[in-house]
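> First the structure, which I've put down as structure tokens, then a few questions once you've had a look.
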Amino acid sequence: MANRTRERQPLLPILSQHVTDQWHRRRTLLEAARAVGLGEHFTVDGVEWQRVSAKADALRPDPSTAAVRAVNRSTGELVQLTHTENQAFWQWAIVETLRLAGLRAEELTELTHLSVRNYQRPSGEVVALLVVTPSKSDRERVIPMSAELFHVIAQIIRRHISANRTVPVCVRYDLHEKVWSEPLPYLFQNMHGGAIRAMSSTTMWRMIHRAAAGLVATDPRFAEVKFAPHDFRRLFATELVNNGLPIHIGAALLGHLNIQTTRGYVAVFDDDVVRHYQEFLDRRRSRRPESEYRKPTEREWSEFNEHFDKRRVELGSCGRPYGTPCTHEHACVRCPMLSINPKMLPRLDELEEDLLARRERAVSEGWRGEIDGLDLTLTFLRSKREQARRFERTGPVPLGLPAPRRQQQ
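The sequence shown begins at 2 in this note's numbering and counts up by one.
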């Protein structure tokens with residue numbers, strides 16, 4: 002098992018970059034096609050395309066709902082752009098959520114709009130939380146989301162709201178309990194047999210496999226190494242796998258948020274949807290030891306609030322687990338838990354200049370050990386700078402407002 006993890010460790014950043022680039026390319030192509038009329042030509046990345054339609058599109062009651070199609074003028078290939086962009090988006094969303102949250106496949110399929118909570122600290126800071134429901138084999142987790150993870154979740158919610166005014170409610174089949182769920186606003190859903198269904202873990206595995214297969218031509222290692230959803234959990238930094246808040250504090254926090262949050266959700270979803278989600282959560286909690294949900298002490302609650310202040314560092318924020326000290330001796334640039342604030346990019350350039358000057362001195366003095374150490378730090382610095390620039394390019398996600406449900410007469 003350890004060998005399986007070691008084989009995939011260097012490939013994960015490549016897969017992550019691939020699904021991100023694929024979605025951006027597909028999205029750019031789709032937007033360019035939508036901007037022109039049928040029969041018109043357009044160019045993306047030096048390739049000429051022509052927007053076309055299928056005969057069946059003209060028979061639709063509303064032709065504007067037809068899929069967008071285009072022909073590659075160089076190869077003659079006909080591409081259904083709406084479908085390929087949708088596939089690329091969900092491949093990206095699945096890979097990145099698994100990579101950044103360390104969830105099991107079942108936990109990912111169970112995420113709903115109601116799993117996303119906001120906690121406003123006394124200081125005014127808003128912390129985005131992801132609620133992972135408990136199961137027989139794993140405890141409940143309330144995870145403070147990193148900026149990257151929240152960006153992915155926000156993109157998913159935005160996609161649903163843009164198309165449907167809210168996150169659609171649908172059912173999910175539980176493979177372990179052999180039952181259908183009540184309709185809930187699951188984040189990961191797709192069309193199945195003409196109806197919306199929550200994605201299964203099998204569907205997610207196929208999407209991950211398809212994404213990895215797209216890299217075989219440029220990186221043959223992906224032909225021999227297969228990724229499965231549980232690989233992402235193993236690859237997630239060991240000290241972060243259970244980086245949720247202590248569950249008795251998380252449960253108390255959710256209890257504080259319940260009145261405020263429920264009011265907001267009831268304005269969007271039917272009362273039954275919110276009730277079904279709470280009943281589902283309560284049912285899962287009942288299977289866990291009662292000790293997990295003890296009342297937190299005043300000292301624990303105070304330490305919980307202080308934790309978020311201690312995560313702030315010069316270059317951004319530290320994602321270390323709640324209640325743990327820094328184990329990397331504050332070598333933040335090398336630390337995988339550091340999330341760079343894009344506003345600090347100029348500071349990274351200054352640090353790189355200093356490191357390069359120190360490296361020149363080390364070379365002139367023949368300090369080979371120092372050279373190796375500086376090279377490693379430079380590698381981490383440049384990697385984090387690229388991540389921050391990529392995050393800066395995406396910018397904030399405009400979620401808009403979900404449409405309030407219509408009151409029954």
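Ideal placement from N, C-alpha and C gives every residue a C-beta, glycine not left out.
If we count Cβ pairs, one from each stretch, closer than 8 Å, do we get three or more for the region 200-210 versus the region 221-238?
Judged by Cβ distances under 8 Å, the region 200-210 makes contact with the region 221-238, as three or more pairs qualify.
> Give the secondary structure of Arg234 by DSSP, where H, G and I count as helix, E and B as strand, and everything else as coil.
Looking at Arg234 - three-state DSSP - the assignment turns out to be helix.
> Helix, strand or coil: how does DSSP classify Met345 here?
DSSP places Met345 in helix when its eight states are reduced to three.
> Less than 8 Å between the beta carbons of Leu375 and Leu346, yes or no?
No, the Cβ-Cβ distance between Leu375 and Leu346 is not below 8 Å.
> Going by DSSP, which residues form a beta bridge with Gln388?
Answer is none; Gln388 lacks a bridge partner.
> From Val37, Ala71 and Trp24, pick the residue whose C-alpha is nearest to that of Phe90; which is it?
Nearest C-alpha to Phe90: Trp24.
> Where does Gly265 land, buried or exposed, given buried means 16+ other C-beta within 10 angstroms?
Since pLDDT at Gly265 reaches only 49, below the 50 mark, its modelled position is unreliable, and the value read off the structure follows with that caveat. Its Cβ having fewer than 16 others within 10 Å, Gly265 is exposed.
> Taking 6 Å as the limit between beta carbons, can you name the residues of its chain near Ser147, skipping five residues before and five after?
The residues are Gly320 and Ser340.
> Please identify the residue among Trp93, Ala67, Glu291 and Trp181 whose C-alpha is closest to the C-alpha of Ile15.
If we check each option's Cα against that of Ile15, Trp93 comes out closest.
> Within 10 Å of its beta-carbon, does Ala268 have 16 or more other beta-carbons around it, so buried, or fewer, so exposed?
Because the pLDDT at Ala268 is just 47, under 50, the model does not fix this residue reliably, and the point stays unresolved.
> Are there 16 or more other CB atoms within 10 angstroms of the CB of Ala224, so buried, or fewer, so exposed?
It counts as exposed.
> Three-state secondary structure (DSSP) at Thr44?
Here Thr44 sits in strand by DSSP.
> Quick check: the Cα distance between Arg61 and Ala55, rounded to an integer number of angstroms?
About 11 Å.
> For the candidate residues Glu49, Leu131 and Arg142, whose alpha-carbon lies nearest to that of His152?
Comparing Cα-Cα distances from His152 to each of Glu49, Leu131 and Arg142, the minimum goes to Leu131.
> Just to confirm, are Pro135 and Arg286 a CB contact at a threshold of 8 Å?
The answer is yes: Cβ separation under 8 Å.
> Helix, strand or coil: which one does DSSP assign to Ala129?
Correct three-state label for Ala129: strand.
> Taking the beta carbon of Gln190 as the centre, do at least 16 other beta carbons fall within 10 Å, making it buried, or is it exposed?
Gln190 comes out buried.
> Going by beta carbon distance, what residues of the same chain come within less than 6 Å of His1, once the five residues before and after it are set aside?
The structure shown does not extend to residue 1, since the chain spans only 2 to 410, so no value can be given for it.
> Go through the region 51-136 residue by residue and report every complete run of the beta strand (DSSP E) that reaches 3 residues or more, in order.
For the region 51-136, whole beta strand (DSSP E) runs of length 3 or above, ordered along the chain, are 70-73, 79-81, 117-121 and 127-133.
> Just checking: is the beta-carbon of His25 within a distance shorter than 8 Å of some beta-carbon in chain D?
Absent here is chain D; the protein component of the structure consists of one chain.
> Pull up the distance between the alpha-carbon of Ser182 and that of Ala67, whole angstroms please.
Approximately 31 Å between the Cα atoms of the pair.
> Touching or not, the region 41-50 and the region 68-80, by the rule of three or more beta carbon pairs under 8 Å?
In short, these stretches touch, since the Cβ pair count reaches three.
> What residue range does the beta strand (DSSP E) around Pro145 cover?
Taken as a continuous stretch (DSSP letters only), the beta strand (DSSP E) holding Pro145 covers Arg142 to Pro145.
> Give me, in chain order, the residues of the same chain whose beta-carbon lies closer than 7 Å to that of Glu393; leave out the 5 immediate sequence neighbours on both sides.
For Glu393, where only same-chain residues beyond five positions count, the Cβ hits under 7 Å are Pro343.
> Please classify Val196: does DSSP put it in a helix, a strand, or coil?
For clarity, residue 196 is Ala in the given sequence; the question names Val instead. Residue state, collapsed to three classes: strand.
> So, with DSSP's three-state summary, where would you put Val314?
Here Val314 sits in strand by DSSP.
> Three-state secondary structure (DSSP) at Leu188?
Three-state DSSP puts Leu188 in coil, outside helix and strand.
> Can you tell me the Cβ-Cβ gap for Val96 and Ala212, rounded? I've got them flagged as a contact below 8 Å.
Yes, Val96 and Ala212 are in contact; Cβ-Cβ is about 6 Å, under 8 Å.
> Are Arg27 and Thr85 touching if we call contact CB-CB under 8 Å?
Contact flag set, yes.
> Can you check whether the CB of Ala363 is closer than 8 Å to the CB of Glu353?
Not a contact, by the Cβ cut-off of 8 Å.
> By Cβ distance, which residues of its chain are closer than 7 Å to Thr6, with the 5 residues on each side in sequence left out?
Contacts found: Arg235 and Leu236.
> Find the nearest neighbour of Thr380 within the set Leu188, Arg335, Val128 and Val217, judged by alpha-carbon distance.
For Thr380, the nearest C-alpha among the options comes from Arg335.
> Which same chain residues, not among the five before or five after Phe233, have their C-beta less than 6 Å away from its C-beta?
Excluding sequence neighbours, Phe233 sits near Leu99 and Arg100.
> So what's Ser303 in DSSP terms, helix, strand or just coil?
Helix, per DSSP.
> Grouping DSSP H, G and I as helix and E and B as strand, with all else coil, what is Asp220?
Three-state DSSP puts Asp220 in coil, outside helix and strand.
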